[in-house]
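K.L.:
Below: one structure in structure tokens.
2 protein chains.
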Amino acid sequence: MTETRQKNVSKELEKLGLKVAAEIDKKENPNIEIPIRALSNVIFDKKLGQLTLGDKTAKRYFFNVAHSKKFMQSLLVAAFAKSLRDENIHASIRDMYYNLKRTIGDSNENTFDAQVDSDPIIVDIEVALDVLREQLHLTTDRKGIVAGNVIIQDRGDSIDWSKLGSGGWSIPSTVEEIDFKKVDAKFVLVCEKNAGFERLHEDKFWQKHKCILIGTGGQPSRGTRLLIQRLNSEFNLPVYVFCDADSYGFYIYSVIKSGSISLAHVSDRIATPEAKFIGLTISDIFKYDLKKATIKAREVDIKRAKELLNYEWFAKNPKWQKEINLMIEKGIKAEIEALSHQGLRFMGETYLPDKLKNKDFLD
Amino acid sequence: MTETRQKNVSKELEKLGLKVAAEIDKKENPNIEIPIRALSNVIFDKKLGQLTLGDKTAKRYFFNVAHSKKFMQSLLVAAFAKSLRDENIHASIRDMYYNLKRTIGDSNENTFDAQVDSDPIIVDIEVALDVLREQLHLTTDRKGIVAGNVIIQDRGDSIDWSKLGSGGWSIPSTVEEIDFKKVDAKFVLVCEKNAGFERLHEDKFWQKHKCILIGTGGQPSRGTRLLIQRLNSEFNLPVYVFCDADSYGFYIYSVIKSGSISLAHVSDRIATPEAKFIGLTISDIFKYDLKKATIKAREVDIKRAKELLNYEWFAKNPKWQKEINLMIEKGIKAEIEALSHQGLRFMGETYLPDKLKNKDFLD
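So this is what it looks like as structure tokens:
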């Protein structure tokens, strides 16, 4: 477990409240110190291989007309999170918005006018206290499915991920609180496409290859990224990411591995720098004779690919440079499903085993 | 089980092939008879309370330049489905497209140029044979979660929907093949919003109220609609649909209850005419003092609401007329999450129990 995971989050929330109360008692100007999240303070930590926040911070004061409303909102959100934790219940960020929205006293001023006002305050509290939204008991939409030889304990239930039929376990918004009772796997295979998950799951790929199979259904949810990170960091499991051979697929891999700019403040807890890309590559299209199943890249795909070339972690890697340039040069892309061109079981019986055996990964 | 569910689908596919083969042997013009799916042949069956196809059909001939390509495509898709069933595996409709795509002989002609060519052929086969896509072993994207006192058997696993922690069971694309071993519930509560599902699931609403709780995450997937229909028809469970108080929420209810125009050919197998609407209504906004948590309806919402007024099943119902007109008149809408304005447990401890006790439903 990382340090953050062991943090006493209720204590941190309480400390924030006590600090502000003490400032009021001392007739000082109450304030909250919050790390700056603007691009100017987002850096790529080469040692960690992650996007992360620099050390610039700003103070939010109560007695400052430009800060006062946000100061009030920050305390409302912190108090709300504290009560969620005290009651041990969870709420969506939308529920929170509705719960906290009201008109103040006799004024016409709302605490929050719209959810776009309350969402960033949650992130402020996250970075100010260096905790995760999930630890504040605030949930985001769930997405993602998992299957494998794993038994977990969650809300008093013992759940065997190998015995869930065709369904799999639906990954909840918060996986901070699950306990792993048994993890019998050699690696984690993360599949961008649900269709790919379904095919591999039906053929019990995870059983044959002793892996944990995760379907993300596109860009993975925070819950899914947290789960991948926990499996990697707590059980030393290699993580192989399986995406479409296109700019968007490459970007999904990049987000799993290095985090994203908008979530740079939590990279160390939800990114998995050890993740490797197992495919699909543009080279695979030629190696596995999938030319008939490619799609012409659109202008926007090419533009995006050119941007990716300059991402620090892609720029430094000759293999990635080759793949991305090949995509630009040939003007094609291909989906995971393109492998079905060689037969429905080709993906699980030939392509992936080949890749695993030859350690044919991109870093 | 409905008649369709007991149908021998492999036999039907084989019969189609044998019919065409016999026509070739007799040197006749081979053809497939397919019910017409155009709006002109979609009717609202008042007795069944469902959108359904009329009895107009068309024949697709091999020796007809306008039909020939589609005739070839239809046989390719039917043969593909037959092989999926023979091998007892499933494939996504995208996998099928890639698998069947190829250039014919020495020509420049592709079997399919894009997935938009192969998708409608699947529906042709569905209606021609009066079977479900799921019975052809073709899957669509999964969505939806379920929890409750139910034990099912699926792919050899026994799965207890009451023992899945915070996750719930991820509803697969195909629920045709699951067996219900134990169903201990008095009704089914279908919640449009995942956030609502999470809140109710956390408080074990399904345990306290002896129900099956389903989260659809917006417009329900085919698999989720099939599951609702099976629980209603096989176990006589009332179905209560819980949606946002807006045109889109009302439409989601309508689709669950009466089917949709584009899927009119399968309404009898995936619609649930007995479903009732439990909320949120526009009247509820005033009754439960949620005015502070409403949203101003946009022009497109009002336009959509006016269209709904004319839907046969809304037009005939004075209660629905009242609600939809109230929405238009007040120019407001509200989400399920608006109930959090009265406290996070208000939905599960006051609102829904109230509604259930007073049988305050819309039909």
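Heads up: the sequence lines are chains A and B, in that order.
The numbering of the first sequence is the numbering used here, which starts it at 64 and goes up by one.
The numbering of the second sequence is the numbering used here, which starts it at 64 and goes up by one.
In this text, a Cβ means the ideal position worked out from N, Cα and C, and glycines have one as well.
Computed from a predicted model, the values in this text were never measured in an experiment.
#1: What does Val302(B) pair with, by DSSP beta-bridge criteria?
#2: So with CB distances below 7 Å, who are the chain A contacts of Arg293(B)?
#3: Is it true that the region 220-238 of chain B meets the region 314-334 of chain B, where meeting means three or more beta-carbon pairs spaced less than 8 Å apart?
#4: Let me confirm a value: Gly286(A) is counted as buried when at least 16 other C-beta atoms fall within 10 Å, else exposed. Which label applies?
#5: Would the region 139-157 of chain A and the region 367-376 of chain A be scored as touching if the rule is three or more Cβ pairs under 8 Å?
#6: Can you tell me whether Ser31(A) is buried or exposed, with buried defined as 16 or more other CB within 10 angstroms of its CB?
#7: Do the region 355-372 of chain B and the region 156-171 of chain A touch if we need at least three Cβ pairs shorter than 8 Å?
#8: By the 7 Å beta-carbon criterion, what residues does the region 139-164 of chain B contribute toward chain A?
#9: My output table needs one value for Gln136(B): the three-state DSSP class, helix, strand or coil.
#10: Could you check which residue in Asn127(B), Lys385(B), Thr115(B) has the C-alpha nearest to that of Ile333(B)?
#11: For Asn295(B), count neighbouring C-beta atoms within 10 Å of its own C-beta (all shown protein chains included) and say buried if the count is 16 or more, exposed if not.
#12: Roughly how many angstroms separate the alpha carbons of Val251(B) and Cys306(B), rounded to a whole number?
#13: So with Cβ pairs under 8 Å, would you call His130(B) a contact of chain A?
#14: Which bits of chain B does Arg361(A) rub up against, with CB to CB less than 7 Å?
#15: Which residue from Gln292(A), Ala248(A), Glu392(A) puts its Cα closest to that of Ser346(A)?
#16: In chain A, which residues lie with their C-beta within 8 Å of the C-beta of Thr202(B)?
#17: Give me the Cα-Cα distance between Leu407(B) and Leu79(A), rounded to the nearest whole angstrom.
#18: Between which residues of its own chain and Glu412(A) is the CB-CB distance below 7 Å, once the five residues before and five after are set aside?
#19: Show which residues of chain B have a CB atom less than 7 Å away from the CB atom of Ala356(A).
#20: For Asn94(B), write down the residues that DSSP places opposite it in a beta bridge.
#21: State whether the region 189-196 of chain A contacts the region 220-231 of chain A, with contact taken as three or more CB pairs (one from each stretch) at a distance under 8 Å.
#22: Taking 7 Å as the line, does the beta carbon of Ala177(B) fall inside it for any heavy atom of the ligand ZN?
#23: Using the three-state DSSP reduction, which class does Ser229(B) fall into: helix, strand or coil?
#24: Would a C-beta distance cut-off of 8 Å place Glu255(B) and Gly312(B) closer than the cut-off?
#25: At 7 Å on the CB atoms, spell out the chain A contacts of Asp220(B), in chain order.
#26: Give a yes or no on whether the minimum CB-CB distance between Arg285(A) and chain B is below 8 Å.
#27: Could you tell me if Ser170(A) is buried or exposed, where buried requires 16 or more neighbouring beta carbons within 10 angstroms of its beta carbon?
#28: Please identify the residue among Glu96(A), Gly112(A), Leu402(A), Ile188(A) whose C-alpha is closest to the C-alpha of Asp118(A).
#29: When you compare the CB positions of Val253(A) and Val213(A), do they come within less than 8 Å of one another, or not?
#30: So the candidates are Ser284(B), Gln136(B), Gln216(B), Gly231(B); which of them puts its Cα closest to the Cα of Ile188(B)?
#31: Along the beta strand (DSSP E) that carries Lys245(B), what are the first and last residues, could you check?
#32: Looking only at its own chain, which residues have a Cβ that is under 6 Å from the Cβ of Arg367(A), when we skip the five neighbours before and after it?
#33: What distance in whole Å lies between the Cβ atoms of Gly342(A) and Lys418(A), which are believed to be in contact at a cut-off of 8 Å?
#34: Within 8 Å (strictly less), CB to CB, does Ala84(B) reach chain A?
#35: Tell me, please, which residues DSSP counts as bridged to Ala397(B).
#36: Over what stretch of residues does the beta strand (DSSP E) that includes Ile214(A) continue unbroken?
P.N.:
Straight from the coordinates:
#1: Residue pairing of Val302(B) in beta bridges, as defined by DSSP: Val251(B).
#2: Near Arg293(B) there are no residues of chain A at all, since even the closest Cβ is about 15 Å away, more than 7 Å.
#3: The region 220-238 of chain B is not in contact with the region 314-334 of chain B.
#4: With 16 or more other Cβ atoms within 10 Å, it is buried.
#5: Counting Cβ pairs under 8 Å, fewer than three are found: no touch.
#6: Absent from the structure is residue 31(A), since the part of chain A shown begins at 64 and ends at 426.
#7: Contact between the region 355-372 of chain B and the region 156-171 of chain A is present, with at least three C-beta pairs closer than 8 Å.
#8: Per Cβ criterion, the list reads Ile152, His153, Ala154, Ser155, Arg157, Asp158, Tyr161, Asn162, Lys164.
#9: Gln136(B): helix per DSSP, three-state reduction.
#10: Answer by Cα proximity: Thr115(B).
#11: So Asn295(B) ends up on the buried side.
#12: Distance between the alpha carbons of Val251(B) and Cys306(B): 14 Å.
#13: Using a CB distance cut-off of 8 Å, His130(B) does not count as an interface residue toward chain A.
#14: Here the premise fails: no neighbours, minimum Cβ distance about 14 Å.
#15: It is Glu392(A).
#16: For Thr202(B), the residues of chain A that pass the 8 Å Cβ criterion are Ala258, Glu261, in the order they occur in the chain.
#17: Cα-Cα distance, rounded: 24 Å.
#18: Around Glu412(A): no qualifying Cβ.
#19: Ordered by position in chain B, the residues that pass the 7 Å Cβ test against Ala356(A) are Tyr161, Lys164.
#20: Note: Asn94(B) sits in a beta bridge opposite Tyr124(B).
#21: The region 189-196 of chain A, when compared against the region 220-231 of chain A, does not touch it at the 8 Å Cβ threshold.
#22: With respect to small molecules bound, the structure shown includes none, and the ligand ZN cannot be examined in it.
#23: DSSP, reduced to helix, strand and coil, places Ser229(B) outside both helices and strands of the structure shown, so it counts as coil.
#24: Taking 8 Å as the Cβ cut-off, Glu255(B) and Gly312(B) qualify as a contacting pair.
#25: Those are Lys226, Leu227, Gly228, listed as they occur along chain A.
#26: So no, Arg285(A) is outside the interface.
#27: That one is exposed.
#28: Of the candidates Glu96(A), Gly112(A), Leu402(A), Ile188(A), the residue whose Cα lies closest to the Cα of Asp118(A) is Glu96(A).
#29: Contact: no.
#30: Proximity to Ile188(B) across Ser284(B), Gln136(B), Gln216(B), Gly231(B) peaks at Gln136(B), based on C-alpha coordinates.
#31: For Lys245(B), the enclosing beta strand (DSSP E) stretches over residues 242-246.
#32: For Arg367(A), where only same-chain residues beyond five positions count, the Cβ hits under 6 Å are Ser310.
#33: Confirmed, about 6 Å.
#34: Proximity of Ala84(B) to chain A, defined by a Cβ-Cβ separation below 8 Å, is not satisfied.
#35: Residue pairing of Ala397(B) in beta bridges, as defined by DSSP: Ala308(B).
#36: Looking at the DSSP string, the run of the beta strand (DSSP E) that includes Ile214(A) is 213-217.
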